[in-house]
Amino acid sequence: GGRIEVLGDYVEIQAGALLDASGRNGGGTILVGGDEGGGGELRRSRATYVDRDAVLRADALDKGDGGRIVVWSDGTTQAYGQIVARGGMNGGSGGFAETSGKLWLDVDRAPDLRARSGRWEDRGGHWLIDPQNIEVVDDARCEDRPAEDCLDDPLTDPDIRDSPIFTGLIRPNLDNMVTSPALITADLIAGALADGIDITLSTQTAGVVPGGEDGNITVTTGIVVNANDGNEVNVEKDTRSRLTLLAANDIVLDAEIRNSNDDLTLDVDLIANDLTQAQSPDDDLPEEANRPFEGHLQVNANITTGGGGVLLAGA
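Next comes the structure, spelled out in structure tokens:
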């Protein structure tokens, strides 16, 4: 499928654009604004915008696994486009997709990472969501949220589109960018799980920016995959998926995680105080020191998996 890299200080994938790294025997790689988790040596953008009418595709067309698609920025990421990395029609698992922003993320469409062969051994892919703080909510549309939690689309708001920041006259100041929690819609997560896609909500980037956010994950709206009754999501027989919440600091589960669909087996991992992640520096410690790990897991609602495993961990 080959490899596509779209890199720069500010990256826009505009309406009508198609980035296609599909291949007969496996999907390729598409990197927009940087590599996975902002790692590696590729140039990383300060802000990345993918229009709703843009398509990023890395399918396996015949037999093979879906490819790898990353949408990243060191500042703010707005990922609204269609992201597709499906397994081959004649065999192969779904691919990998990451939609992340080191400081802030807005994403309102799940990637399509399905296995299309119908073979039991082929699995859906993996979707990684990796900003500093995450809140799972009922509705993440900008018009339903406080103004300070939203960024306008740079292509449609002339005050932003024509500003010195985005016309390249000055560089964005990362410290002044939005750092409120990324709001992820519960139904978006539930729909991807029903498609057999594994999802990881991670605060891996917490603490990278001094004085940044703590790296918490809060679930305020239930993540629910309902039974098939003609009105709810359709799930293929013998589907299995995994939901992982991986927080550098706290996880607070204030709403249920529930799978009541007989065709889906859901595994749930809630891991607070993850020792592999950086936490925000403590003002009372030397500048280079991270504060002691103390992230807690609070489970205040039911978890129902439909036969899957549950892992609970925290300080």
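Using this note's numbering, you'd call the opening residue of the sequence shown number 1405 and step up by one each time.
Glycine residues also receive a C-beta, built at the ideal position from the N, C-alpha and C atoms.
Among the options, the one whose alpha carbon lies nearest that of residue i
{"i": "S1606", "options": "A1458, E1698 and K1506", "result": "K1506"}
{"i": "G1600", "options": "R1527, N1630, G1699 and T1625", "result": "R1527"}
{"i": "I1427", "options": "R1407, A1590 and G1412", "result": "Rather than Ile, the amino acid found at residue 1427 in this sequence is Gly. When each option's Cα is compared against that of G1427, the closest is R1407."}
{"i": "A1519", "options": "N1653, G1468 and G1420", "result": "G1468"}
Backbone CA spacing between residue i and residue j [nearest angstrom]
{"i": "I1593", "j": "L1509", "result": "15 Å"}
{"i": "G1443", "j": "L1587", "result": "24 Å"}
{"i": "G1529", "j": "P1535", "result": "20 Å"}
{"i": "R1513", "j": "R1447", "result": "26 Å"}
{"i": "K1641", "j": "D1667", "result": "5 Å"}
{"i": "T1708", "j": "R1456", "result": "34 Å"}
{"i": "G1431", "j": "G1412", "result": "24 Å"}
{"i": "V1436", "j": "T1452", "result": "8 Å"}
{"i": "Q1771", "j": "I1655", "result": "The displayed coordinates of the chain run from 1405 to 1719. Any statement about residue 1771 would go beyond what the structure contains."}
{"i": "D1439", "j": "W1524", "result": "31 Å"}
{"i": "I1621", "j": "I1661", "result": "14 Å"}
{"i": "A1425", "j": "L1649", "result": "30 Å"}
Three-state secondary structure assigned by DSSP to residue i
{"i": "I1601", "result": "coil"}
{"i": "G1351", "result": "Beyond the ends of the chain as shown, which are 1405 and 1719, falls residue 1351; an answer cannot be given."}
{"i": "N1577", "result": "Any reading at N1577 is ruled out, since the residue's pLDDT is 45, under 50, leaving its predicted position unreliable."}
{"i": "G1441", "result": "helix"}
{"i": "G1427", "result": "strand"}
{"i": "D1591", "result": "helix"}
{"i": "A1676", "result": "coil"}
{"i": "A1651", "result": "coil"}
{"i": "F1570", "result": "At F1570 the pLDDT is 46, less than 50, meaning the model places this residue with poor confidence and gives no usable figure here."}
{"i": "A1489", "result": "coil"}
Own chain partners of residue i with C-beta closer than 6 Å, once the 5 adjacent residues on each side are dropped
{"i": "G1711", "result": "T1669"}
{"i": "N1677", "result": "F1697, G1699, G1718 and A1719"}
{"i": "I1754", "result": "The structure shown does not extend to residue 1754, since the chain spans only 1405 to 1719, so no value can be given for it."}
{"i": "L1422", "result": "V1459"}
{"i": "E1416", "result": "Y1453"}
{"i": "E1409", "result": "L1435"}
{"i": "A1464", "result": "G1430, G1431, G1470, G1491, G1492 and G1496"}
Own chain, CB closer than 7 Å to residue i, minus 5 neighbours either side, in chain order
{"i": "T1503", "result": "V1475, T1481, A1483, L1509, V1511 and I1533"}
{"i": "L1597", "result": "I1603, V1629, S1645, L1647 and L1670"}
{"i": "E1539", "result": "P1585, L1587, T1622 and T1624"}
Nearest-angstrom Cβ-Cβ length linking residue i and residue j, presumed shorter than 8 Å
{"i": "A1651", "j": "A1705", "result": "So it is not a contact: roughly 16 Å between Cβ atoms."}
{"i": "G1471", "j": "G1499", "result": "5 Å"}
{"i": "G1619", "j": "N1537", "result": "7 Å"}
{"i": "V1623", "j": "V1672", "result": "That pair is no contact at about 11 Å."}
{"i": "N1494", "j": "D1516", "result": "That belief does not hold up - the Cβ atoms of N1494 and D1516 are roughly 18 Å apart, past 8 Å."}
{"i": "G1496", "j": "S1521", "result": "6 Å"}
Contact with chain C by residue i, beta-carbon distance below 8 Å
{"i": "N1704", "result": "In the structure shown, chain C does not exist; there is a single protein chain."}
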